[in-house]
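*Asks:*
Numbering (our numbering), first residue to last: -11 to 184.
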């Protein structure tokens, strides 16, 4: 074998070795690139899932807030309408009470109140200012000597009787009856305002 052949064989061996080494490095680089690609895809998938979960949570919170607002607005509108109807109902009742005090039945009703529960001697019968004109007529319904006075707190009508020592014996004012009905309605229907 001459030197030229040896050199060719040597060069072939070096080339084969280099080709093998290049192939190995290429294979390793491809595997590394494949691994990096898989890692990047996994990371991208994780980020996408996290971003989707975050967006879903935000949308869910926004939807719940909107639903809560709609529910609150609906309840507020309902309560406002109910309150309006209630005030209308009690305004009509108040008007009927005012009409009653202007009717011919009012004075006999006051007389019956006094006749049913006779005041003691020295008692004070409290009336609204306008009803003091009925004083003489009402005095005939009582057996004992009593005095009549105007009470500014009586607006609608009716009467209250105070004993001689100033203790209230009974209250038959339309004002108190009206307020009691309003309180009872609120209380019985679990509406705020029934404890006032």
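We treat Cβ as the ideally placed atom computed from N, Cα and C, and that holds for glycine.
Return the chain-ordered list of same chain residues with a C-beta closer than 6 Å to the C-beta of residue 103, the five sequence neighbours on each side being excluded.
*Replies:* Indexing the chain shown from 1 puts residue 103 at position 115. Excluding positions up to five away in sequence, the list reads 129.
*Asks:* Report yes if the C-beta distance between residue 165 and residue 132 is below 8 Å; otherwise report no.
*Replies:* The residue given as residue 165 occupies position 177 in the chain shown. The residue given as residue 132 occupies position 144 in the chain shown. Contact: no.
*Asks:* Tell me the residue span of the beta strand (DSSP E) that contains residue 141.
*Replies:* The residue labelled residue 141 in the question sits at position 153 within the chain shown. Here residue 141 belongs to no beta strand (DSSP E), and DSSP marks it neither H nor E.
*Asks:* When the Cα atoms are used, what is the spatial distance from residue 68 to residue 142?
*Replies:* If you number the chain shown from 1, residue 68 lands on position 80. If you number the chain shown from 1, residue 142 lands on position 154. If I take the Cα positions, the gap works out to 30 Å.
*Asks:* Can you tell which of 20, 91, 75, 38 has its C-alpha closest to the C-alpha of residue 173?
*Replies:* Position 185 of the chain shown, counted from the start, is the residue given in the question as residue 173. The option with the nearest alpha carbon to residue 173 is 75.
*Asks:* By DSSP's criteria, residue 10 is part of a beta bridge. Which residues make up the other side?
*Replies:* In the chain shown, counting from the first residue as 1, residue 10 sits at position 22. According to DSSP, which records beta bridges pairwise, residue 10 is partnered with nothing at all.
*Asks:* Sorted by chain position, which residues of the same chain lie with C-beta nearer than 8 Å to residue 94's C-beta, five sequence neighbours on each side aside?
*Replies:* Counting from 1 along the chain shown, the entry for residue 94 is found at position 106. Same-chain partners within the cutoff: 88, 145.
*Asks:* Whole angstroms is fine: what's the gap from residue 65's alpha carbon to residue 54's?
*Replies:* Here residue 65 refers to the residue found at position 77 when the chain shown is read from its first residue. Here residue 54 refers to the residue found at position 66 when the chain shown is read from its first residue. If you take the alpha carbons of residue 65 and residue 54, they lie about 16 Å apart.
*Asks:* Using 8 Å as the threshold, is the C-beta distance between residue 96 and residue 149 below it?
*Replies:* Position 108 of the chain shown, counting from 1, holds the residue named residue 96. Position 161 of the chain shown, counting from 1, holds the residue named residue 149. No. Outside cutoff.
*Asks:* Suppose contacts are defined by Cβ-Cβ distances below 8 Å. Is residue 160 in contact with residue 101 by that definition?
*Replies:* For the purposes of this step, residue 160 is taken as the residue at position 172 of the chain shown. For the purposes of this step, residue 101 is taken as the residue at position 113 of the chain shown. Cβ distance < 8 Å, so residue 160 and residue 101 count as in contact.
*Asks:* Classify residue 32 as helix, strand or coil using the three-state DSSP reduction.
*Replies:* Taking the chain shown and counting its residues from 1, one reaches residue 32 at position 44. Correct three-state label for residue 32: helix.
*Asks:* Could you work out which residue in 147, 151, 28 is closest to residue 118 when comparing CA atoms only?
*Replies:* The count along the chain shown starts at 1 and reaches residue 118 at position 130. It is 147.
*Asks:* Please classify residue 32 as buried or exposed, where buried requires at least 16 neighbouring CB atoms within 10 angstroms.
*Replies:* Looking up residue 32 in the chain shown gives position 44. Residue 32 should be labelled exposed.
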